[in-house]
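Chemist: In the UniProt record's numbering, the protein residues as written are 1 to 527.
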Amino acid sequence: MDHHDEDDAHLSSQIVEEEDLLFDDGPSEQPSLDETTGNADIDKITAQHSDIDETLRVRLAGPSTSKVNYHALQRLFTFIEFLINYYFPIQAGMDSVDKAKVNEIIYEVSKGSSFFENERKKDNAVTGRINALLSKYERIKNDVLSEEFIIVDNMIEELEDERDLNQCIVHIDMDAFYASVEELDQPHLKTVPMVSFAFQAVGGIGMLCTSNYEARKFGVRSAMPGYIALKLCPQLKIVPLNFSKYREASAKVRSVFEQYDPHYCPMSLDEAYLNITEHLKTTNKSPPEVVVEIRDKIFKETLLTASAGIAANKMLAKMCTDVNKPNGQFYLKSELADIQEFINPLSIRKIPGVGRVTERVLNALNVNTCKDIYPQRAMLYKLLSDISFKFLLRAHLGIGSTSVDSEYVRKSISVERTFRSLSSRTDLYFKLKDIAQKLAKDLESKNLCGKTLGLKIKLTSFEVRTRAKTLPGNIYKQEDLEKYASQLLEKELPVSLRLMGIRLSSLCSRDEIDQKGVKRVGICTIF
DNA sequence: TACATACAC
DNA sequence: CATGGTGTATGTA
Numbered sequence: 001m002d003h004h005d006e007d008d009a010h011l012s013s014q015i016v017e018e019e020d021l022l023f024d025d026g027p028s029e030q031p032s033l034d035e036t037t038g039n040a041d042i043d044k045i046t047a048q049h050s051d052i053d054e055t056l057r058v059r060l061a062g063p064s065t066s067k068v069n070y071h072a073l074q075r076l077f078t079f080i081e082f083l084i085n086y087y088f089p090i091q092a093g094m095d096s097v098d099k100a101k102v103n104e105i106i107y108e109v110s111k112g113s114s115f116f117e118n119e120r121k122k123d124n125a126v127t128g129r130i131n132a133l134l135s136k137y138e139r140i141k142n143d144v145l146s147e148e149f150i151i152v153d154n155m156i157e158e159l160e161d162e163r164d165l166n167q168c169i170v171h172i173d174m175d176a177f178y179a180s181v182e183e184l185d186q187p188h189l190k191t192v193p194m195v196s197f198a199f200q201a202v203g204g205i206g207m208l209c210t211s212n213y214e215a216r217k218f219g220v221r222s223a224m225p226g227y228i229a230l231k232l233c234p235q236l237k238i239v240p241l242n243f244s245k246y247r248e249a250s251a252k253v254r255s256v257f258e259q260y261d262p263h264y265c266p267m268s269l270d271e272a273y274l275n276i277t278e279h280l281k282t283t284n285k286s287p288p289e290v291v292v293e294i295r296d297k298i299f300k301e302t303l304l305t306a307s308a309g310i311a312a313n314k315m316l317a318k319m320c321t322d323v324n325k326p327n328g329q330f331y332l333k334s335e336l337a338d339i340q341e342f343i344n345p346l347s348i349r350k351i352p353g354v355g356r357v358t359e360r361v362l363n364a365l366n367v368n369t370c371k372d373i374y375p376q377r378a379m380l381y382k383l384l385s386d387i388s389f390k391f392l393l394r395a396h397l398g399i400g401s402t403s404v405d406s407e408y409v410r411k412s413i414s415v416e417r418t419f420r421s422l423s424s425r426t427d428l429y430f431k432l433k434d435i436a437q438k439l440a441k442d443l444e445s446k447n448l449c450g451k452t453l454g455l456k457i458k459l460t461s462f463e464v465r466t467r468a469k470t471l472p473g474n475i476y477k478q479e480d481l482e483k484y485a486s487q488l489l490e491k492e493l494p495v496s497l498r499l500m501g502i503r504l505s506s507l508c509s510r511d512e513i514d515q516k517g518v519k520r521v522g523i524c525t526i527f
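1) Which ranges does the alpha helix (DSSP H) cover as unbroken runs of at least 4 residues, wholly within the stretch 377-454, from first to last along the chain?
2) Jot down the residue ranges of each uninterrupted alpha helix (DSSP H) in the stretch 227-289, minimum 4 residues, whole runs only, in chain order.
3) Quick one: complete beta strand (DSSP E) runs, 3+ long, within the stretch 149-209?
4) Out of curiosity, what's the CA-to-CA distance linking Val126 and Val58?
5) Measuring only the C-alpha atoms, how far is Phe116 from Thr55?
6) Could you tell me whether the stretch 433-443 touches the stretch 395-407, where touching means 3 or more Cβ pairs closer than 8 angstroms?
7) For Met194 versus Ala223, is the C-beta spacing smaller than 9 angstroms?
8) Between the stretch 488-500 and the stretch 409-422, are three or more C-beta pairs nearer than 8 angstroms?
9) Look at Ala249 and Val181 and say whether their C-beta atoms are less than 9 angstroms apart.
10) Evaluate the contact criterion for the stretch 330-350 versus the stretch 299-314: three or more CB pairs, one atom per stretch, below 8 angstroms.
11) Check the C-beta distance from Leu241 over to Phe177 and give it rounded, since I have them as a contact under 8 angstroms.
12) Is the number of C-beta pairs between the stretch 143-159 and the stretch 365-380 that are closer than 8 angstroms three or more?
13) With DSSP as the reference, please indicate the residues paired to Val464 in a beta bridge.
14) Does Ile105 come out as helix, strand or coil in the three-state DSSP assignment?
15) Please state the DSSP three-state secondary structure of Leu507.
16) Please report the distance separating the alpha-carbon of Arg465 from that of Ile339.
17) With contact counted as at least three CB pairs below 8 angstroms, one residue from each stretch, are the stretch 153-167 and the stretch 283-297 in contact?
18) Nearest-angstrom Cα distance between Leu346 and Cys370?
19) Going by C-alpha to C-alpha distance, which of Glu444, Asn447, Lys446 and Leu422 sits closest to residue 528?
20) Give me the Cα-Cα distance between Asn85 and Pro326, rounded to the nearest whole angstrom.
21) On the CB-based measure, 16 or more other CB atoms within 10 Å of its CB, does Pro266 come out buried or exposed?
22) Check for me: the beta strand (DSSP E) holding Tyr331 runs from which residue to which?
23) Hey, quick one: how far does the beta strand (DSSP E) through Gly309 stretch, first residue to last?
24) Using CA atoms only, rank isn't needed, just tell me which of Pro494, Arg120, Ile351 and Asp161 is closest to Arg425.
25) Pull up the distance between the alpha-carbon of Leu383 and that of Leu145, whole angstroms please.
26) First and last residue of the alpha helix (DSSP H) that includes Lys483?
27) Are the beta-carbon atoms of Met207 and Ile298 separated by less than 9 angstroms?
28) With C-beta atoms as the reference, is Gly454 less than 9 angstroms away from Leu443?
29) Since Thr321 is in the alpha helix (DSSP H), which residue starts that stretch and which ends it?
30) Tell whether a beta-carbon distance below 9 angstroms holds between Val239 and Ala229.
31) Assuming Val361 is part of the alpha helix (DSSP H), what are its boundary residues?
32) Would you give the residue range spanned by the alpha helix (DSSP H) that Leu336 belongs to?
33) Evaluate Gln487 with the Cβ neighbour count: other Cβ atoms within 10 Å of its Cβ, from every protein chain shown; 16 or more gives buried, anything less gives exposed.
34) So, with DSSP's three-state summary, where would you put Gly219?
Written out as structure tokens, the structure is:
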């Protein structure tokens, strides 16, 4: 896992590749087919009864699994299944027949572990947050909110000024990237459920990085512990990671991107944004034709397939990628009507930046699809922060950034490790030295130093704590990292830990500082 | 600034 | 038996 690819500086340690959204979100966005479609009824909002089984199961099932409303959805299940098979008859991973069973198995296997208990705690915290929001709502629900409607509608007008429909943005995502690369070398793996793994973690197989589409049919996904995957699919074939191979394949893919947008922005080894507006001026081809050409070239170069989304901005392009994966693409025309039609029926979970928790919160406020945001706008304006609210409004309007740029300014750098539970002073300080050394090495290779030092610890109970201190000057040496991190650790003792990490932020280049660690400020004159 | 959370990959 | 690592943003005190 040691990559020194400077090009990948900020990506080099990404282990888990893209989430398996196919398996997940099929059913959860389907309530829009139900009678709940249409304007969310503001009076239907009721206090959340914390259904531990339901929310916890979803939480345990992993980051990419969205809510399954067992009560409401059970009824819809056959219908949804029919629809999915009708619209996506051959897509692997869409086979969600056993989704409830998968979550059940994960739940049963996890039950009682420290991890589980911690998840339960986090889940309860979210329920508490939701109830607080709902009681806030109770107090305002009878207000007319006419002022708020006016404010929000003005806001919408302002946001409309941000809208730029003149760019053609493409989001490209390699299909089951690591698994597909492995299948090139070992074609027999294509027909068996297979995963790549990493993280020896504390024992056993470790955490899974990616799975092929055969494995996804069993509910096996990235970021799942190996032993649970084996429970779901005992015949699972587990393959070790070969990062150099993935980087090699990625370089070939990127050389194709380069031809269409020299400023393309890679998000990981297997994913990137391109702005093909300029390229389109050099050809008679339409945007989707160009993207077919790009995917074609990728295939010829690597024998790997990619999926793509084409739209007016990055958010929409990313959402479009999801529509026809794997090995497909979707073009959303840059017309207001088309954009609205595309966005409205989508589950809010499809909005990049809306995860499990936000989905739960919004669902509690009767916002299930992007369309629901609009009728609820005055209420949401009252209940959410300005930033969160504007974020939702932009999503609803289909407004997003069109800036595709590979420039990157790092804001922090860190090293963290998980290990078998440690509690003796000696062991803990030895670990800390080890981590400080790794961080010092990274700082060295990137020529960085910084003055805010953070310590992260995860107790054996999975409780996470972070402690930070801003120092008078910049540091980068192992001894300094170790010294200040030790001071922070000291105050936490005694503890039994399963993880330790050190982070350095408020960074600057070592070239910019003098011997005292004081940042040398460029003399700015007005002459 | 310090800390906890949420999210992406 | 057993649940990762790196980085960003945001809310809150």
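The beta carbon of each residue, even a glycine, is placed where N, CA and C say it ideally should be.
Modeler: In short:
1) 377-383, 386-397 and 425-446
2) 243-260 and 277-280
3) 169-174 and 194-198
4) 13 angstroms
5) 13 angstroms
6) no
7) no
8) yes
9) yes
10) yes
11) In fact, because the Cβ distance is near 12 angstroms, the residues do not count as touching under 8 angstroms.
12) yes
13) Lys458
14) helix
15) strand
16) 43 angstroms
17) no
18) 6 angstroms
19) Because the chain spans 1 through 527 in this model, residue 528 falls outside it and cannot be assessed.
20) Its pLDDT being 31, under 50, Asn85 is placed unreliably by the model, and nothing is read from it.
21) buried
22) Gln329 to Tyr331
23) Ala306 to Ala311
24) Pro494
25) 12 angstroms
26) Gln478 to Glu490
27) no
28) no
29) Lys314 to Thr321
30) no
31) Arg356 to Ala364
32) Leu336 to Ile343
33) exposed
34) coil
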